[in-house]
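Student: Numbering (our numbering) for the first sequence: -16 to 389.
No residue lacks a Cβ here, since even glycine has one placed at the ideal position from N, Cα and C.
Since the structure is predicted, the reported quantities are computational estimates derived from the model, not experimental observations.
Before I ask anything, let me first share the structure, which is written out below as structure tokens.
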Amino acid sequence: MSMSNSSNIKIALDEISRGTAEIIDMERIENLVTKFYETGETYTVKAGFDPTGADLHVGHAVLFHKLSVFQKHGAIIQLLIGDFTATIGDPTGKSETRKVLDRETIVANAQTYQDQLFLLLDESKTEVVWNATWLEKLGARGMVELTTTYNVARMLERDDFEKRYKSGQSISISEFIYPLLQGYDSVALKSDIEIGGTDQKFNLLMGRHLQRVYNVGKEQAVLMMPILEGLDGVQKMSKSLNNYIGITDTPKDIYGKTLSISDELMWRYYDLLSENSLEEIEKIKNDVANGDLHPKKAKENLALELTARFYNEESAMMAKSEFDNVFKSNKIPTDIEEFEMEEGIWICKALVDAKIEPSTSQARRDIKQGGVRVNQEKVSDDKLNLTSGEYTLQVGKRKFAKVKVK
RNA sequence: GGUGGGUUACUCAAGUGGCCAACGAGGGCGGAUUGUAAAUCCGCUGACUACGUCUUCGAAGGUUCGAAUCCUUCACCCACCA
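See the structure below:
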């Protein structure tokens, strides 16, 4: 028994530390996991979310995936919704004070978050908590007490504060309070471990500090995940850079976008997102390296896995066959949007109306360059008018529309 | 509060009276190649049924035959001083 336990524990710890950017107090995590395997005693892992935006992408999923790993090894996740702190605005990574959100938006965002999160997490091992619950009760006295635990000089050590202070940009006092409140959450929750992105280091460590000051009887271990690169492989995945895979993207998109990443980036995604064990990944890597496995195949598997994660096996397989149809055999996808148009419509106008071109100017250019097809045939005349009938319009490789001309 | 510098398209960044719809780079898009990968090569990149017209260079006015370029006011940013 102790033999199989110790190997289980080793596997668990390897999985937990996999892909992390930094772990503070690994020993504590080892003890917690060991205890779970020996006595069945669970422990808590806190992860906080500011319900400021609603849509999650695969970059966020790195964190959730790690949480789900923890759940397999005895953790109860404390899914902290920062409903109170969202009303303040965390300055992390921002060069200016974040705007404050109203209650309704926060609640709505939080709900959307949860819907998306439970695609990945085991709901029965998750505790959803709202920090307004205890922060509202803190009161002025408690608040002041909290501020006495830290000083301005140390607060200014935080990177973005330092930069802004030096360059003369404004820092509101409330922003100083933010890390304190986030840390206090760990006091209220008595968390054993907290996980977050590397950009959260200062705030995460504050949790340790405050747990000590408030005599919680433990200091949370901290596990930081790196920021995932987006589809371009360079910049971090974000919606504004449009290099993201959304968790709620269609199966087709998740599959397709995943296949579009570079081979190099694929390993990064494998490491941070795949359910494959470290051993299995090692094997895949070797097979690709010595030519036993085509890199494309490895990427397809990853794409299938991710698609299935957010939907199911079946949808993933469908996404794949659809994809193969369109791109391998140059067939037309099955689920193209349809439009009805008037007799004699100008081709450029039709492309715009079908939403596959942004302007008639762009449509003309694409026609000139041979990027537009009607019923699989290249169009060369940008003055073409469509007579009545049904057409499949195509721009480039991936934009399609079906058009019925009366 | 004082003095000087800045604000150009998705981003960075040239342009200081006509040759400017505005150099260049990145990004994006299209083509070739391919594994819808990467890399590479070529082309395009304000709008408009279009060899012409219209709207863009922080905002509003003005000077001029003509302005992104000159003048005035306003807004915002930066640097140095107080």
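Could you check what DSSP says for Leu188 in three-state terms: helix, strand or coil?
Tutor: If DSSP states are grouped into helix, strand and coil, Leu188 belongs with the helices.
Student: Closer than 7 Å by C-beta to Gly229: which residues in its own chain qualify, once you throw out the five before and the five after it? Chain order, please.
Tutor: Closer than 7 Å at Cβ, skipping near neighbours: Asp38 and His40.
Student: Using the Cβ count rule (16 or more neighbours within 10 Å means buried), how would you classify Pro234?
Tutor: With 16 or more other Cβ atoms within 10 Å, it is buried.
Student: Say the cut is 6 Å; is the CB of Leu121 nearer than that to a heavy atom of the ligand MN?
Tutor: This structure does not include the ligand MN; it has no bound ligands of any sort.
Student: Quick one, which of Arg348, Ala91, Tyr133 and Pro341 has its alpha-carbon nearest Phe185's?
Tutor: Checked all of Arg348, Ala91, Tyr133 and Pro341; the closest Cα to Phe185 is Tyr133.
Student: Hey, how far is the Cα of Gly372 from the Cα of Asn358?
Tutor: Looking at the two C-alpha atoms, the distance is approximately 11 Å.
Student: What's the call for Lys351, buried or exposed, on a 16-neighbour Cβ count within 10 Å?
Tutor: With fewer than 16 other Cβ atoms within 10 Å, it is exposed.
Student: Locate the alpha helix (DSSP H) running through Lys18, then write down its first and last residues.
Tutor: First-last of the alpha helix (DSSP H) with Lys18: Met9 to Thr22.
Student: So, helix, strand or coil for Tyr26, using DSSP?
Tutor: Strand at Tyr26.
Student: For the region 305 to 344, which segments carrying the beta strand (DSSP E) assignment without a break, of at least 3 residues, lie completely within its bounds, in sequence order?
Tutor: With a minimum length of 3 residues, the continuous beta strand (DSSP E) runs that stay inside the region 305 to 344 are 321 to 324.
Student: What number of angstroms, rounded off, separates the C-alpha of Tyr253 from the C-alpha of Asn259?
Tutor: Rounded to whole angstroms, Tyr253 to Asn259 spans 8 Å at the Cα level.
Student: For Ala30 and Leu63, which I take to be in contact (beta-carbon distance under 8 Å), what is that distance rounded to the nearest angstrom?
Tutor: Indeed, because the Cβ distance is near 7 Å, the residues count as touching under 8 Å.
Student: Report the option in Lys387, Val388, Ala337 and Ile328 whose CA atom is closest to the CA atom of Asp365.
Tutor: Of the listed residues, the one whose Cα sits closest to Asp365 is Ile328.
Student: If we ignore side chains and look at the alpha-carbon of each, how far apart do Val127 and Thr68 end up?
Tutor: Between Val127 and Thr68, the C-alpha separation is close to 16 Å.
Student: Could you tell me whether the region 175 to 182 touches the region 199 to 218, where touching means 3 or more Cβ pairs closer than 8 Å?
Tutor: The region 175 to 182 vs the region 199 to 218: in contact.
Student: List the endpoints of the continuous alpha helix (DSSP H) containing Thr109.
Tutor: Element bounds for Thr109: not the alpha helix (DSSP H) but the beta strand (DSSP E), Thr109 to Trp113.
Student: Just to check my reading of the structure: Ile(-1) and His56 have Cβ atoms closer than 8 Å, yes? What is that Cβ distance to the nearest angstrom?
Tutor: Yes, Ile(-1) and His56 are in contact; Cβ-Cβ is about 7 Å, under 8 Å.
Student: Could you please give the first and the last residue of the uninterrupted alpha helix (DSSP H) stretch that includes Gln97?
Tutor: From DSSP, the alpha helix (DSSP H) with Gln97 extends over Arg86 to Leu100.
Student: Is His40 helix, strand or coil by DSSP?
Tutor: Reduced to three states, the DSSP call for His40 is strand.
Student: Between Cys331, Ser107 and Asp142, which lies nearest to Ser51 when the distance is taken from Cα to Cα?
Tutor: Here the closest residue by C-alpha is Ser107.
Student: Report the three-state DSSP secondary structure of Glu360 (helix, strand or coil).
Tutor: Three-state DSSP puts Glu360 in a strand.
Student: With H, G and I counted as helix, E and B as strand and the rest as coil, what does DSSP make of Lys77?
Tutor: Low local confidence applies: a pLDDT of 43 at Lys77 is under 50, so the model's placement there is unreliable, with the coordinate-based value given in what follows. In this structure, Lys77 counts as coil in the three-state DSSP scheme.
Student: In the DSSP assignment, find the alpha helix (DSSP H) that holds Val199 and state where it starts and stops.
Tutor: Where Val199 is concerned, there is no enclosing alpha helix (DSSP H), given that its DSSP letter is neither H nor E.
Student: Are the CB atoms of Val388 and Leu369 nearer to each other than 7 Å?
Tutor: It is a contact, given that the beta carbons lie within the stated cut-off.
Student: On a CA-only basis, which of Thr22, Gly2 and Glu5 is nearest Ile(-8)? Give me that one, please.
Tutor: Minimum Cα distance to Ile(-8) is reached at Thr22.
Student: Just reading off the beta strand (DSSP E) that Thr290 is part of, what are its end residues?
Tutor: From DSSP, Thr290 is part of no beta strand (DSSP E) but of the alpha helix (DSSP H) over Pro278 to Phe293.
Student: Where do the N-terminal and C-terminal ends of the beta strand (DSSP E) with Lys387 fall, by residue?
Tutor: Per DSSP, Lys387 belongs to the beta strand (DSSP E) from Lys382 to Val388.
Student: Check this for me: beta carbons of Val45 and Leu211, under 7 Å apart or not?
Tutor: Cβ distance < 7 Å, so Val45 and Leu211 count as in contact.
Student: Excluding the 5 residues preceding and the 5 following Val111 in the sequence, name in chain order all residues of the same chain whose CB lies nearer than 6 Å to its CB.
Tutor: Around Val111: Leu62.
Student: Can you tell me the Cα-Cα spacing of Ser298 and Ile237, whole angstroms?
Tutor: Cα to Cα, Ser298 sits roughly 11 Å from Ile237.
Student: Going by the beta-carbon positions, is the gap between Phe322 and Val386 smaller than 7 Å?
Tutor: Taking 7 Å as the Cβ cut-off, Phe322 and Val386 qualify as a contacting pair.
Student: Quick one, which of Lys268, Leu163 and Val90 has its alpha-carbon nearest Leu188's?
Tutor: With distances taken between Cα atoms, Leu188 lies closest to Leu163.
Student: Using the rule of at least 16 other Cβ atoms within 10 Å of the residue's Cβ for burial, across every protein chain shown, is Thr241 buried or exposed?
Tutor: Thr241 comes out buried.
Student: Which same chain residues end up closer than 8 Å to Met300 when comparing Cβ atoms and leaving out the 5 residues on each side of it in sequence?
Tutor: The answer, listed in chain order, is Leu287.
Student: Among Tyr26, His48 and Lys382, which one has its Cα closest to the Cα of Arg1?
Tutor: When only C-alpha atoms are compared, the closest one is His48.
Student: With DSSP collapsed to three states, give me the class of Ile(-6).
Tutor: DSSP places Ile(-6) in helix when its eight states are reduced to three.
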